[in-house]
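What follows is a single structure, written as structure tokens, with notes after it.
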Amino acid sequence: MRFDRLRLNGFKSFVDPTDLVIREGLTGVVGPNGCGKSNLLEALRWVMGENRPTAMRGEGMEDVIFAGTSRRSARGHAEVTLTIDNHDRLAPAGFNDEDNFEIARRITRDAGSAYKIGGKDVRARDVQMLFADASTGAHSPALVRQGQISELINAKPKSRRRILEEAAGISGLYQRRHEAELKLNGAENNLTRVDDTLDQLS
Ligand code: ATP
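First residue of the sequence shown? That's 542 in the numbering used here, and the numbers climb one at a time after it.
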């Protein structure tokens, strides 16, 4: 499973539809200051389900929509589509039947984000779990932003452990355990309420 193509439309400075073809091997993005290199990396995190506006250098998630310039008016929505090459059939179960599939995220002003996998509407969680199970995602240490290397060198052992867990492909399991614990707590609360009701009736 590898990233094949990133398509941006109305995302930050990429107001016109723009395709970035990601070839095998190392991909470098070069260009003058302010040309949009970091915006590309943010688009990749965003389509993988990033939900913290600060990680997009914004105050609210709608800040990723093209805000307009003196010559072009602002857009009402932004969309990023990531094409996955799945010829190696390494996509997680449930997504593994196709040679290629697309993951898309669209944000509309005042209407929030909507996600699609292979053209079908899905939840943010479905996209996040797909990438977590494939040992990547919006928080993957494989995506290195400016200043991150020195942060890692100075990080506490607990933070470094997260990187090893990511590489070992177990971050998705942590998320599922957390959700299972929340469900268990909910079930225990319900049982307590049933016991209380039974006490009142007897
Ligand atoms: P540097 O090399 O200095 O780090 P860079 O190539 O990484 O720069 P980015 O930070 O990706 O550049 O892009 C910054 C540009 O994106 C700025 O010109 C900024 O005005 C523009 N930009 C950011 N958000 C939006 C938005 N919502 N609408 C329009 N333009 C935006």
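All C-beta atoms in this analysis are idealised placements derived from N, C-alpha and C, irrespective of residue type, glycine included. The model shown is predicted, which means the values in this text are computed figures rather than measured ones.
A straight line joining the alpha-carbon of Y656 with that of R612 spans about 31 angstroms.
By the CB criterion at 8 angstroms, I644 and V588 fall inside the cutoff.
In the DSSP assignment, the residues bridged to K657 are A645, D662. Closest in C-alpha terms to A673, from the list R548, A632, L581, comes A632. For S554, the shortest separation between its Cβ and any heavy atom of ligand 1 lies below 7 angstroms. Between G659 and G590, the C-beta gap is not smaller than 8 angstroms, which leaves the two residues out of contact. One Cα belongs to L723, the other to L582, and the distance between them is close to 33 angstroms. The continuous beta strand (DSSP E) containing T624 extends over residues 618-626.
Here E620 has N550, R647 as same chain residues with Cβ atoms under 6 angstroms from its own Cβ, once five neighbours each way along the sequence are excluded.
Cα atoms of L623 and D737: separation of roughly 51 angstroms, rounded to the nearest angstrom. For the pair M670 and I704, the Cα-to-Cα distance works out to about 17 angstroms. Around the C-beta of V570, fewer than 16 other C-beta atoms lie within 10 Å, and the residue is accordingly described as exposed. Separation of L585 and S614 (C-alpha to C-alpha, rounded to the nearest whole angstrom) is 24 angstroms. Of the heavy atoms belonging to ligand 1, none sits nearer than 7 angstroms to the Cβ of N550. Setting aside the 5 residues that flank it on each side, P594 is surrounded in the same chain by E600, G601, M602, D604, each with a C-beta closer than 7 angstroms to its C-beta; the list follows chain order.
The three-state secondary structure of V556, taken from DSSP, is coil. Non-local C-beta neighbours of S712 in its own chain, meaning closer than 7 angstroms and more than five positions away in sequence, comprise A673, E706, ordered along the chain.
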